[in-house]
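Colleague: Quick one: structure below, then a few questions.
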Amino acid sequence: MSQTPRRLLTLNCHEAWLHQLHVLPYQLDIIDGLPGRYTSAWDVRIRPLPDNARLITLQEALTSGESYHCIIAHSMTDLLDVKSLAWPRLLVLHNTLEGRLQEQTQSAPEQVQAVLRQYVRLTGTQVIAVTAMKGRSWGFGKDIVPCGVDAAAYPPWSGELACGIRVANQIHPKRTLLNWALHEAAFQDLPIRLVGHNPEFPGVVPADNWDHLKRLLQSHRFYVHTADAVQEDGYNMAMLEAMAAGLPVLGNRHHSSPIVHGVSGFLSDDPQELARYAKMLLADRELAHRLGRAARQTVQEKFSLQRFAFLLQQAIRNARRPRPGRRL
């Protein structure tokens, strides 16, 4: 007789990240419809619901009596929402502390860091981060689980449109984190398509769905990613998806960027130089194709779904180790 698959509980915060969980050998309950969140309901434009997942309410999670192998939370608010459940818990840090403070609060960084550290100690919560920089900013730089991208899920690159592309949501409040001044200075007179939820930019809208996003990436010549070198990483999940789709990347120099200058893209802090590289790629599809192949190979080697699954299951095992707390 086959055993019923073990079940994880998580809260909806980031559909693209949560969709990766389909690779794990677990059933998945996702708490949806939470008030006061950036994501109020699962957005099928970003990702379809994974086949191994179902959406539930917070009330159902708290009262169903379901047994969970582990709870995966994404913020202090998440941890407080599920505080009455005694199951092992894992906190995933998706943002730098500095980025979180810019978005949500005026509290001092040291105070926020101390509150989180005390709470995870009292509740026996295991903490991981999606990048080393994000983990270090919170004081949890040891356990890193980079996101994973399945390059096989993206159609072969064509680059038929002599146009760059960038995927980003809520650009206006994140201008500093995204080094937006450099983006504007470098690409203001060049064809760059913005995709995402950005009401402040007329005509800029999200992709209709994941398949539509894949087609957009497939047809564009290169991808743009700029980021503040102190407060944000030199890559994010959207950039890794573009690399998996075979696009070279243009951006600023950054210690954590997976892009090798002249091999898988071009990096510069000089807007005029970035503009020159963009014009080269707009004029030379074969150059873009060669660099894009190297970018895709980088994702396959360093950001595979298999590596993500291995590291996350290791973190879940660590979260399940006996420790005090659990019922706070």
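Using my numbering, count along the sequence shown one by one with no gaps and you end on 328.
Cβ atoms here follow ideal geometry from the backbone N, Cα and C, with glycine treated the same way.
1. Output needed for C163: all residues of its chain with C-beta closer than 8 Å, excluding positions within five of it in sequence on either side, in chain order.
2. Going by beta-carbon coordinates alone, are Y235 and P271 separated by less than 7 Å?
3. Take F266 and list the residues in its own chain whose beta-carbon comes closer than 6 Å to its own, dropping the five residues that flank it on each side.
4. For A315, I'd like the list of residues in its chain whose CB is within less than 8 Å of its CB, leaving aside the five on either flank, ordered along the chain.
5. Bridge partners for C70 per DSSP, in chain order?
6. Per DSSP, I144 is paired with what?
7. Quick one, which of L217, L213, R121, S158 has its alpha-carbon nearest R323's?
8. What are the partner residues of Q27, as DSSP defines its beta bridges?
9. In the DSSP assignment, find the beta strand (DSSP E) that holds Y223 and state where it starts and stops.
10. Does DSSP classify G159 as helix, strand or coil?
11. Please return the same chain residues whose Cβ sits closer than 6 Å to the Cβ of S2, not counting the five positions on each side in sequence.
12. List the whole-angstrom C-beta distance separating A16 from R37, where the pair is believed to meet the contact cut-off of C-beta under 8 Å.
13. In whole angstroms, what separates the C-alpha of G65 from that of C147?
14. Quick check: the Cα distance between L8 and L49, rounded to an integer number of angstroms?
15. Measure the beta-carbon distance from V149 to V299 and round it to whole angstroms, keeping in mind my assumption that it falls under 8 Å.
16. List the DSSP bridge partners of H261.
17. How would you label L11, buried or exposed, when you count the other beta carbons within 10 angstroms and need 16 or more for buried?
18. Tell me the rounded alpha-carbon separation between P156 and N179.
19. Just the Cα atoms here: how many angstroms apart are V260 and K279?
20. What span of residues does the alpha helix (DSSP H) with A181 cover, start to end?
21. Any beta-carbon of chain C closer than 7 Å to the one on R136?
22. Can the beta-carbon of I71 be found closer than 7 Å to that of L55?
23. Please classify P199 as buried or exposed, where buried requires at least 16 neighbouring CB atoms within 10 angstroms.
24. How big is the Cα-Cα spacing for V263 and P88?
25. Would you kindly work out how many angstroms separate the C-alpha atoms of H212 and A114, rounded to a whole number?
26. Since I believe Y119 is in contact with L79 (beta carbons under 8 Å), could you give me their beta-carbon distance rounded to a whole number of angstroms?
27. For R317, does the three-state DSSP call read helix, strand or coil?
28. If you drop the 5 nearest sequence neighbours on each side, which residues of the same chain put their C-beta closer than 8 Å to that of K214?
29. Judging by CA-CA distance, which residue of N169, G159, R317, S107 is the nearest neighbour of L291?
30. Have a look at H225 and V44 and give me their C-alpha separation to the nearest angstrom.
31. Check whether the Cβ atoms of A168 and L274 lie closer than 7 Å to each other.
32. Rounded to whole angstroms, what is the Cα-Cα separation between I171 and T123?
33. In angstroms, rounded to a whole number, what distance separates the CA positions of H254 and W210?
34. Which same chain residues end up closer than 8 Å to Q61 when comparing Cβ atoms and leaving out the 5 residues on each side of it in sequence?
35. Using the beta-carbon count (16 or more within 10 Å), is S75 buried or exposed?
Modeller: Put simply:
1. Counted from its first residue, the sequence shown places residue 163 at position 163. Cβ within range, chain order: P191, I192, R193, H220, R221, L282.
2. As a working mapping, residue 235 is identified with position 235 in the sequence shown. As a working mapping, residue 271 is identified with position 271 in the sequence shown. Taking 7 Å as the Cβ cut-off, Y235 and P271 do not qualify as a contacting pair.
3. As a working mapping, residue 266 is identified with position 266 in the sequence shown. The answer, listed in chain order, is L250, Y277.
4. Translated into positions along the sequence shown, residue 315 becomes position 315. Hits under 8 Å: L90, Q126, I128, D143, V145.
5. The count along the sequence shown starts at 1 and reaches residue 70 at position 70. According to DSSP, which records beta bridges pairwise, C70 is partnered with L8.
6. Against the sequence shown, residue 144 aligns to sequence position 144. I144 is bridged to A129.
7. One-based indexing of the sequence shown puts residue 323 at position 323. It is R121.
8. Locating residue 27 in the sequence shown gives position 27, where the first residue counts as 1. According to DSSP, which records beta bridges pairwise, Q27 is partnered with R7.
9. In the sequence shown, counting from the first residue as 1, residue 223 sits at position 223. First-last of the beta strand (DSSP E) with Y223: 220–225.
10. By 1-based counting over the sequence shown, the position of residue 159 is 159. Three-state result, G159: coil.
11. Within the sequence shown, the letter at position 2 stands for residue 2. Confidence at S2 is low in this model, with a pLDDT of 47, below 50, so the placement of that residue is unreliable and no value is reported for it.
12. Locating residue 16 in the sequence shown gives position 16, counting from the first residue. Locating residue 37 in the sequence shown gives position 37, counting from the first residue. Contact flag wrong, Cβ pair sits at about 16 Å.
13. In the sequence shown, counting from the first residue as 1, residue 65 sits at position 65. In the sequence shown, counting from the first residue as 1, residue 147 sits at position 147. So the two alpha carbons sit approximately 31 Å from each other.
14. For the purposes of this step, residue 8 is taken as residue 8 along the sequence shown, with counting starting at 1. For the purposes of this step, residue 49 is taken as residue 49 along the sequence shown, with counting starting at 1. Rounded to the nearest angstrom, the two C-alpha atoms are 15 Å apart.
15. Taking the sequence shown and counting its residues from 1, the one referred to as residue 149 is at position 149. Taking the sequence shown and counting its residues from 1, the one referred to as residue 299 is at position 299. The pair is a contact, with the Cβ atoms about 5 Å apart (cut-off 8 Å).
16. If you number the sequence shown from 1, residue 261 lands on position 261. Answer is G265.
17. Position 11 of the sequence shown, counted from the first residue, corresponds to residue 11. The residue is buried, with at least 16 neighbouring Cβ atoms inside 10 Å.
18. As a position in the sequence shown, residue 156 is number 156, starting the count at 1. As a position in the sequence shown, residue 179 is number 179, starting the count at 1. Each residue's Cα considered, the two are about 30 Å apart.
19. Sequence index remark: in the sequence shown, residue 260 carries index 260 (1-based). Sequence index remark: in the sequence shown, residue 279 carries index 279 (1-based). Distance between the alpha carbons of V260 and K279: 19 Å.
20. Translated into the one-based positions of the sequence shown, residue 181 becomes position 181. Segment 180–187, the alpha helix (DSSP H) holding A181.
21. Structure shown: chain C not included; a single protein chain is present.
22. One-based indexing of the sequence shown puts residue 71 at position 71. One-based indexing of the sequence shown puts residue 55 at position 55. No, the Cβ-Cβ distance between I71 and L55 is not below 7 Å.
23. Reading the sequence shown from its first residue, position 199 is the one you call residue 199. With fewer than 16 Cβ atoms within 10 Å of its Cβ, P199 is classed as exposed.
24. Counting from 1 along the sequence shown, the entry for residue 263 is found at position 263. Counting from 1 along the sequence shown, the entry for residue 88 is found at position 88. Between V263 and P88, the C-alpha separation is close to 43 Å.
25. Numbered from its first residue, the sequence shown carries residue 212 at position 212. Numbered from its first residue, the sequence shown carries residue 114 at position 114. Approximately 43 Å between the Cα atoms of the pair.
26. Locating residue 79 in the sequence shown gives position 79, counting from the first residue. Locating residue 119 in the sequence shown gives position 119, counting from the first residue. Going by Cβ atoms, the distance from L79 to Y119 rounds to 7 Å, so yes, they are a contact pair.
27. As a working note, residue 317 is residue 317 in the sequence shown. R317: helix per DSSP, three-state reduction.
28. For the purposes of this step, residue 214 is identified with residue 214 of the sequence shown, where counting begins at 1. So the list reads A153, Y154, P155, A245, once near-sequence residues are dropped.
29. Your numbering for residue 291 matches position 291 in the sequence shown. If we check each option's Cα against that of L291, G159 comes out closest.
30. Against the sequence shown, residue 225 aligns to sequence position 225. Against the sequence shown, residue 44 aligns to sequence position 44. Going by the C-alpha atoms only, they are around 24 Å apart.
31. The residue labelled residue 168 in the question sits at position 168 within the sequence shown. The residue labelled residue 274 in the question sits at position 274 within the sequence shown. Cβ distance not < 7 Å, so A168 and L274 don't count as in contact.
32. By one-based count along the sequence shown, residue 171 stands at place 171. By one-based count along the sequence shown, residue 123 stands at place 123. So the two alpha carbons sit approximately 35 Å from each other.
33. The count along the sequence shown starts at 1 and reaches residue 254 at position 254. The count along the sequence shown starts at 1 and reaches residue 210 at position 210. Distance between the alpha carbons of H254 and W210 is about 28 Å.
34. On the sequence shown, residue 61 is found 61 positions in, with the first residue counted as 1. Here the sequence assigns Ala to residue 61, which means Gln is not the residue at that position. L9, D29, I31, V82, L85, listed in sequence order.
35. Sequence index remark: in the sequence shown, residue 75 carries index 75 (1-based). With 16 or more Cβ atoms within 10 Å of its Cβ, S75 is classed as buried.
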